[in-house]
Structure formats: structure tokens, C-alpha cells
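Note sheet for the following structure.
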Amino acid sequence: MKVSGWAISSTGGHGDLNLPAHLRGEYLSLCRMANSPDEMRWLARDIARNHVDCIKICASGGIMSEGDMPGVQKFTEAEMRAAIEVAEMEGLPSAAHAHGASSIAAAVRAGITSIEHGTMADDESIRLMAQKGTFLVPTIIASRSVLDNPHLPFPEYVLRKSRIAAARHKEVVAAALHEGVKFAFGTDAGSTGNEHGEQAREFGYLVEYGLTPMQALCSATINAAELLRMKEDIGSLEAGKFADLVAFDGDPLEDITVITRPDLVMKGGVIYKREGQPVYFPLL
-17 MKVSGWAISS
-7 TGGHGDLNLP
3 AHLRGEYLSL
13 CRMANSPDEM
23 RWLARDIARN
33 HVDCIKICAS
43 GGIMSEGDMP
53 GVQKFTEAEM
63 RAAIEVAEME
73 GLPSAAHAHG
83 ASSIAAAVRA
93 GITSIEHGTM
103 ADDESIRLMA
113 QKGTFLVPTI
123 IASRSVLDNP
133 HLPFPEYVLR
143 KSRIAAARHK
153 EVVAAALHEG
163 VKFAFGTDAG
173 STGNEHGEQA
183 REFGYLVEYG
193 LTPMQALCSA
203 TINAAELLRM
213 KEDIGSLEAG
223 KFADLVAFDG
233 DPLEDITVIT
243 RPDLVMKGGV
253 IYKREGQPVY
263 FPLL
């Protein structure tokens, strides 16, 4: 596993859960709060000392957070740069939850490694990503899991903001492809309708939104390895790299949906699924 620990949010931002007064406390949240470059710098250092593998910031509002809007920028460029500089000094990649164009552009100018979501990117922010080599992790499955499951009991504000985020997402993905932006695979898994174990559905959405099957596969393999700074160990089948692989009864270049049905799963040279069935090991 590669973990980021707490993300960093502003007060009133995506990670501020707007809890009742008697429940206030950053340790109840997935995020910790900062509201100045100095606070960003201190928090990034404090998070890094817990041996995390990435520093994540919430550059814009979000979907599941009730008190904000996804298109609104929540950190200044200077605030983001302070955290990103700490990440670079620690040798860590940085990631920005960012929906709105201004938050994306500010994060990219500040030196962020990847943009998560990017649903409202405009031409300027997309060009900046291409110029800076910033990865886009579109997480299409996040909003589609809300909008494609009307039977699930999502609050009205989640439905409303999901529609906002999804409105231009396909256009954004196409524009990013055209500009040569690097894509990496991500899903936001763990939310309602987007459970762990269902992440492979994102491949189908990526192809639906314009990636070729090979581009979609590369986003989850060699590109993801580059983003995580692990190309020496994973991302391609080469001598000396980790023996982590999956195999399928079918060709994902012809039918990308076969990737949701792995026939064989190997981790570290040990087979954990064979012919589509789990391999059980005796308790020692």
C-alpha cells in the first residue's frame, strides 16, 4: 500500500466536515485544517513525519461535503506551494483534490504532481497540466456511481453537485487527451455506490470517455507507477520487478470489460486467485 495519511483542507473546505460543536476535532476527519502558508508547511511536515507516501491537499470544494461547492478554489497558490515544497523536500509526490478550473491551475502552477478529479478544467488549466507534466486522475466512477444509481439514498446536495461535476467531464477528458496530458488511474473508492473491489469499472468509463483500451491500461500500470515514483519496481513486466500481475480469459484491448473479471491474480509471485476462484492458504 501507498498511503497519504490525512489530506490538508481549509476551514470550510472539502475536508471540513462541519461537525456539531461537541464533535469538533481534526482527528475525527479524513483531513486536517490549515489556513495560511505557514500552517500548510507545518501540517505537511507533521503528516510527512508519519512516514506517508504522498501529501494530499483539497484545493477545491467537493461533492460529498455539504458546505462547499466543487468549483470554488479553497487554497491560494501560495498556500498550496508551501505544502508542495515540503513534499518535494521529503521526496514525496503531491496530489490535489481539485474540480474547478482556478483551483486546478493554481495547484499546477504551485508544482502539484497530480490532479484528482479535474471535472471542470478549462483550456488554460489543461494546457498548464500538459506543459508541467502534471498527471490527471479523472475518477469518472466517483460521479457516475452517484448518477447511475438512483436507488441509492444520496442527499439532494450530493446529486446536485454530482450533476455539476459530470456536466463537462467527458469534454475535459477529451481535451486533456488532445493536449497530451498524462493520465493515471484512480477511483475514489470507498464511498456509497463506489465500493472497494469494484474499481475496475473505471476502465470502462475511461474508454467511454475517449481513451483507447491501451491508454486506459497504461493509466493503471506504467503511468501509475511513474506517478507513485515506483517505476523501478512495478508498472511493467520486466526482469527484476515485482511479480505482481493479473491475467484474464479474454483480450482487454478488444473488450475492456474483461478486466473486471480477473482469471488469475499474483502478488509477489504468489497466486491468490486461479481460474477466477480465490486460493486459500492454511492457517499456520
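Numbering (the working numbering), first residue to last: -17 to 266.
We put the CB at the ideal spot given by N, CA and C, even for glycine.
Please read these numbers as outputs of a predicted model, since none were measured by experiment.
Burial state of residue i (16 or more Cβ within 10 Å)
| i | result |
| --- | --- |
| Met22 | buried |
| Ala3 | At Ala3, the pLDDT of 49 sits below 50, so the modelled position is not reliable and the matter cannot be decided from this model. |
| Ala221 | exposed |
| Ala182 | buried |
| Arg268 | There is simply no residue 268 to check, as the chain begins at -17 and stops at 266 in what is shown. |
| Phe167 | buried |
| Pro260 | exposed |
| His33 | exposed |
| Ala198 | buried |
| Ser218 | exposed |
| Leu209 | buried |
| Arg63 | buried |
| Met196 | exposed |
Under 9 Å between C-beta atoms of residue i and residue j
| i | j | result |
| --- | --- | --- |
| Arg109 | Glu161 | yes |
| Ala26 | Ala80 | no |
| Val247 | Ile253 | yes |
| Lys56 | Ser42 | yes |
| Ala78 | Ser85 | yes |
| Gly82 | Gly115 | no |
| Tyr187 | Arg126 | yes |
| Asp226 | Lys249 | yes |
| Glu61 | Pro19 | yes |
| Leu124 | Ser107 | Correcting the residue identity first, residue 124 is Ala in this sequence and not Leu. No, the Cβ-Cβ distance between Ala124 and Ser107 is not below 9 Å. |
| Val128 | Ile45 | yes |
| Ala89 | Ile39 | yes |
| Ala147 | Met102 | yes |
| Gly258 | Asp245 | yes |
DSSP beta-bridge partners of residue i
| i | result |
| --- | --- |
| Asn176 | Ser173 |
| Val247 | Val228 and Lys255 |
| Ile(-10) | Arg14 and Ile39 |
| Met102 | Gly82 |
| Ser96 | Ala77 and Phe117 |
| Lys164 | Phe117 |
| Gln197 | Answer by DSSP bridge pairing: none, since Gln197 is not bridged. |
| Gln55 | Ser42 |
| Pro132 | Per DSSP, none; premise fails for Pro132. |
| Pro260 | Lys255 |
Cβ-Cβ separation, residue j to residue i (assumed contact under 8 Å), whole Å
| i | j | result |
| --- | --- | --- |
| Leu118 | Gly100 | 5 Å |
| Ala30 | Ile(-10) | Ala30 to Ile(-10), Cβ: 11 Å. No contact. |
| Met216 | Ala207 | Position check: residue 216 holds Ile in this sequence, whereas Met was assumed. Right, the Cβ-Cβ distance comes to about 5 Å (below 8 Å), so this counts as a contact. |
| Asp50 | Gly(-6) | 7 Å |
| Leu12 | Ile37 | Actually they are not in contact, since the Cβ atoms of Leu12 and Ile37 sit about 14 Å apart, beyond 8 Å. |
| Glu184 | Ile122 | 6 Å |
Chain D within 9 Å of residue i, Cβ atoms only
| i | result |
| --- | --- |
| Gly179 | The displayed structure is made up of one protein chain only, and chain D is not part of it. |
Residue i CB to nearest heavy atom of the ligand ATP below 8 Å
| i | result |
| --- | --- |
| Leu(-1) | No copy of the ligand ATP occurs in the structure displayed, which carries no ligand at all. |
Q) Would the stretch 169 to 181 and the stretch 228 to 235 be scored as touching if the rule is three or more Cβ pairs under 8 Å? A) No: fewer than three Cβ pairs fall under 8 Å.
Q) Does the stretch 182 to 194 come close enough to the stretch 141 to 159 to have 3 or more Cβ pairs within less than 8 Å? A) Output reads yes: the stretch 141 to 159 touches the stretch 182 to 194.
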